[in-house]
């Protein structure tokens, strides 16, 4: 359950007579099995190749057998340097491909600037995707497996909310995640930088929820998003046996919300907590828009929650709850009737 050096790998393989995968190798294999989109597959392949480079001499035969489609045919020890150059070239090509995908993702993010974003984070298999499906009435891939989600999935949290709110599912974390994987998936995790709120999902039924909390905190800190507003959710309450166990779960993480993603009342309660968080972030603005400003009126409706509309001689009076930043961006000025 640790990362082995090339020499250690060679010695263990000699001792047991079979190919060996250490912890990072196993994690990369699991990631590979769950990669579905072009972006995820590219990210996993970059991580795999970066992991392979320092182990080329000892891993090459096993690697070719697992990834025969890569068309990198080693010719033994004398060809290791040639193969190393081929791998580096392949990594360069993949990074270029990933950069193109990231440009597309940046365009998509720009289109979501007008909406509020809540990102779901947490240890792998904590139930983030199941919870997101329940909250958004959608069908993001959710399985009881490690790393079932490798892509950032975006869904509307509440289609009737103003301003709109979207929920973002992200790749699950794990202790001692290989640095090469964190680097490879940084473009996917970039969604966390754009989020206005993080929902940290913890598996309350696991043996060591404190470890899950610690690992997620470390990854968020590494990504520079640890200071973002956050709601902590203890999920899988349905698997907790009795009241004492539930109380222990709350003691482990004070202030958290204990729920089950398969309980509709719990899901509705979490949705309301999220909506209330954003309501508190809004300010009440009373503004007067001159007649004929149809585009500005549309923007006010899109970015705020309109509470009152009144037509007077000078224009249309609005009482609206809106983010202060958007009020300034739209050039709104306060007006008293």
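Numbering (this note's numbering), first residue to last: 579 to 915. Using N, Cα and C, we set each Cβ at its ideal position, and we do this for glycine too. All figures in this text were calculated on a predicted structure; none of them were measured in a lab.
Cβ pair residue 693, residue 744 closer than 9 Å: Locating residue 693 in the chain shown gives position 115, counting from the first residue. Locating residue 744 in the chain shown gives position 166, counting from the first residue. Yes. Within cutoff.
May I ask you to report which of helix, strand or coil DSSP gives residue 878? The sequence position of residue 878 within the chain shown is 300, counting from 1. Helix.
Taking residue 952 and residue 628 to be in contact with their CB atoms under 8 Å, please state how far apart those CB atoms are, rounded to whole angstroms. Outside the displayed span of the chain (579 to 915) sits residue 952, for which this structure offers no information.
Cα-Cα separation between residue 736 and residue 677, rounded to whole angstroms: Numbered from its first residue, the chain shown carries residue 736 at position 158. Numbered from its first residue, the chain shown carries residue 677 at position 99. Distance between the alpha carbons of residue 736 and residue 677 is about 32 Å.
Rounding to the nearest angstrom, what Cα-Cα distance links residue 535 and residue 896 in this structure? Any answer about residue 535 is impossible in this case: the structure gives the chain only from 579 up to 915.
Thinking just about the alpha-carbon of each residue, which of 788, 803, 714 and 790 is nearest to the one in residue 775? By 1-based counting over the chain shown, the position of residue 775 is 197. Considering only alpha carbons, the answer is 803.
One question on the structure: do residue 810 and residue 835 come within less than 9 Å of each other, judged by their Cβ atoms? Residue mapping note: residue 810 aligns to position 232 of the chain shown, counting from 1. Residue mapping note: residue 835 aligns to position 257 of the chain shown, counting from 1. It is a contact, given that the beta carbons lie within the stated cut-off.
If I'm right that residue 781 touches residue 705 with Cβ under 8 Å, what's the distance once you round it to whole angstroms? In the chain shown, residue 781 corresponds to position 203, counting from 1. In the chain shown, residue 705 corresponds to position 127, counting from 1. Residue 781 to residue 705, Cβ: 6 Å. Contact.
Tell me, to the nearest whole angstrom, how far the beta carbon of residue 661 is from that of residue 634; I am working on the premise that it is less than 8 Å. Position 83 of the chain shown, counted from the first residue, corresponds to residue 661. Position 56 of the chain shown, counted from the first residue, corresponds to residue 634. The pair is a contact, with the Cβ atoms about 6 Å apart (cut-off 8 Å).
How would you write the range of the beta strand (DSSP E) that residue 629 sits in, first residue to last? If you number the chain shown from 1, residue 629 lands on position 51. Counting along the chain, residue 629 falls outside any beta strand (DSSP E), though it belongs to the alpha helix (DSSP H) covering 616-630.
I need the straight-line Cα distance from residue 609 to residue 622, nearest angstrom please. Counted from its first residue, the chain shown places residue 609 at position 31. Counted from its first residue, the chain shown places residue 622 at position 44. Taking the straight line joining both Cα atoms gives about 7 Å.
Under the three-state DSSP convention, the category residue 783 falls into: Taking the first residue of the chain shown as 1, we reach residue 783 at position 205. Three-state DSSP puts residue 783 in coil, outside helix and strand.
Please report the distance separating the alpha-carbon of residue 857 from that of residue 884. Position 279 of the chain shown, counted from the start, is the residue given in the question as residue 857. Position 306 of the chain shown, counted from the start, is the residue given in the question as residue 884. Rounded to whole angstroms, residue 857 to residue 884 spans 13 Å at the Cα level.
In angstroms, rounded to a whole number, what distance separates the CA positions of residue 626 and residue 606? Translated into the one-based positions of the chain shown, residue 626 becomes position 48. Translated into the one-based positions of the chain shown, residue 606 becomes position 28. Whole-angstrom Cα-Cα distance: 6 Å.
Can you tell which of 859, 862 and 697 has its C-alpha closest to the C-alpha of residue 769? Position 191 of the chain shown holds residue 769. Comparing Cα-Cα distances from residue 769 to each of 859, 862 and 697, the minimum goes to 697.
Roughly how far, in whole angstroms, is the beta-carbon of residue 908 from the beta-carbon of residue 878, given that I think they are within contact range, below 8 Å? Mapped onto the chain shown, residue 908 falls at position 330. Mapped onto the chain shown, residue 878 falls at position 300. Going by Cβ atoms, the distance from residue 908 to residue 878 rounds to 7 Å, so yes, they are a contact pair.
Quick check on the burial criterion: 16 or more other C-beta atoms within 10 angstroms. Buried or exposed for residue 703? The sequence position of residue 703 within the chain shown is 125, counting from 1. It is buried - the Cβ of residue 703 has at least 16 other Cβ atoms within 10 Å.
In whole angstroms, what is the alpha-carbon distance linking residue 865 and residue 912? As a working mapping, residue 865 is identified with position 287 in the chain shown. As a working mapping, residue 912 is identified with position 334 in the chain shown. For residue 865 and residue 912, the distance between alpha carbons rounds to 5 Å.
May I have the straight-line CA-CA distance separating residue 901 from residue 881, to the nearest angstrom? What you label residue 901 is simply residue 323 of the chain shown in a count that begins at 1. What you label residue 881 is simply residue 303 of the chain shown in a count that begins at 1. The straight-line gap from Cα to Cα measures roughly 8 Å.
At the level of alpha carbons, what is the spacing between residue 890 and residue 844? Translated into the one-based positions of the chain shown, residue 890 becomes position 312. Translated into the one-based positions of the chain shown, residue 844 becomes position 266. Approximately 45 Å between the Cα atoms of the pair.
Per DSSP, what are the beta-bridge partners of residue 745 in this structure? Residue 745 sits at position 167 when you count from the first residue of the chain shown. Per DSSP, 696 and 733.
Could you pull out every residue in the same chain whose Cβ sits closer than 8 Å to the Cβ of residue 665, ignoring the five residues on either side in sequence? Indexing the chain shown from 1 puts residue 665 at position 87. For residue 665, where only same-chain residues beyond five positions count, the Cβ hits under 8 Å are 627, 630, 631, 634 and 650.
According to DSSP, is residue 914 part of a helix, a strand, or is it coil? Taking the chain shown and counting its residues from 1, one reaches residue 914 at position 336. In this structure, residue 914 counts as coil in the three-state DSSP scheme.
Looking at the structure shown, is residue 813 part of a helix, part of a strand, or coil, going by DSSP? Your numbering for residue 813 matches position 235 in the chain shown. Strand.
Under 6 Å Cβ to Cβ from residue 616, same chain only, skipping five residues before and after it: list those, please. Mapped onto the chain shown, residue 616 falls at position 38. Counting only Cβ-Cβ distances below 6 Å, and skipping sequence neighbours, we find nothing.
How many angstroms separate the CA atom of residue 659 from the CA atom of residue 591? As a working note, residue 659 is residue 81 in the chain shown. As a working note, residue 591 is residue 13 in the chain shown. For residue 659 and residue 591, the distance between alpha carbons rounds to 22 Å.
For residue 883, which residues does DSSP report across the bridge? The residue labelled residue 883 in the question sits at position 305 within the chain shown. 899.
Where residue 641 and residue 597 are concerned, what is the direct C-alpha to C-alpha distance, given to the nearest angstrom? Your numbering for residue 641 matches position 63 in the chain shown. Your numbering for residue 597 matches position 19 in the chain shown. Low confidence applies to residue 641: its pLDDT is 49, below 50, so where it sits in the model is not reliable, and the reading given next is rough at best. If I take the Cα positions, the gap works out to 10 Å.
What residue range does the alpha helix (DSSP H) around residue 908 cover? Along the chain shown, read from residue 1 onward, the residue named residue 908 stands at position 330. Premise fails: residue 908 is in no alpha helix (DSSP H) and is neither H nor E.
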